[in-house]
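Chemist: Residue numbers (this note's numbering): 222 to 416.
Ideal Cβ positions, reconstructed from N, Cα and C, are used throughout, including at glycine.
1) When we look at the beta-carbon of residue 240 and count the other beta-carbons within 10 Å, is it buried (16 or more) or exposed?
2) Using the Cα positions of residue 382 and residue 375, report the straight-line distance between them to the nearest angstrom.
3) Excluding the 5 residues flanking residue 345 on each side, which residues of the same chain have their C-beta closer than 7 Å to its C-beta?
4) So for residue 373, helix, strand or coil by DSSP?
5) Name the DSSP beta bridge partners of residue 350, please?
6) Helix or strand or just coil, what does DSSP make of residue 295?
7) Starting from the Cα of residue 329, find the closest Cα among 268, 323, 313 and give me that residue.
8) What separation, rounded to the nearest whole angstrom, lies between the Cα atoms of residue 299 and residue 322?
9) Straight-line CA distance for residue 379 to residue 385?
10) Figure out for me which residue from 261, 230, 234, 236 has the closest Cα to the Cα of residue 395.
11) Quick one: what's got a C-beta closer than 8 Å to residue 370's C-beta in the same chain, skipping five residues either side?
12) Can you give me the Cβ contacts of residue 277 inside the same chain, cut-off strictly under 8 Å, excluding the 5 residues immediately before and after it?
13) Which of the three DSSP states is assigned to residue 368 in this structure?
14) Could you tell me the alpha carbon to alpha carbon distance between residue 288 and residue 358, rounded to whole angstroms?
15) What residues in its chain sit with their C-beta under 6 Å from that of residue 388, if we drop five residues either side in the sequence?
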């Protein structure tokens, strides 16, 4: 190799690296909010699918076992004298209350919990789920599926001609809520609301 023939070194200049980094950071800044929205939509969809699965399971168990199967819903921050199942006792607060009958314990929990029980064996939990996204109804309620697949939804609805409507809303703004409608026939229908 002679002195006149020098090899050209390959690489990037500092300017090229800085421009590339600047473009990458602009893309990242634009993508993070979209990704956060995607994750919130996925969490809401997961909660909705889990709730549909639990309701469908309860209905199929009622038909299969030919006995009533109940899905019990317990809201957050509601004072109750009955404890939730073991797996749903997150952030349990027990308060002692004194009255003329003696001392009683009242329990409060954070987040919604729902579980499936056979009506003739209320202490046997068949399935259990939790959600922070349920907004209506806002009180404790239960749905009982009967041996032919129909449902007793009187505990859930306000008007006897309406189906039981369970609405789930994402904690993030701009994501449409989802309502599940359970009819007396036992059918479960998903309704996406418009915002």
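Modeler: Reading from the atomic positions:
1) Exposed, since its Cβ has fewer than 16 Cβ neighbours within 10 Å.
2) So the two alpha carbons sit approximately 10 Å from each other.
3) Once the five neighbours on either side are set aside, the close Cβ partners of residue 345 are 338, 339.
4) Three-state DSSP puts residue 373 in a strand.
5) The partner list for residue 350 (beta bridge, DSSP) reads 335.
6) Of the three classes helix, strand and coil, the one that applies to residue 295 here is strand, per DSSP.
7) Shortest Cα-Cα distance from residue 329 to any of 268, 323, 313 involves 313.
8) Roughly 22 Å separates the two Cα atoms.
9) So the two alpha carbons sit approximately 8 Å from each other.
10) The shortest Cα separation from residue 395 among 261, 230, 234, 236 belongs to 261.
11) Within the same chain, residue 370 has close Cβ partners 280, 283, 284, 406, 407.
12) Answer for residue 277: 409, listed in chain order.
13) DSSP places residue 368 outside both helix and strand once states are collapsed to three, so it counts as coil.
14) Looking at the two C-alpha atoms, the distance is approximately 26 Å.
15) Taken in chain order, the residues that qualify are 356, 357, 398, 400.
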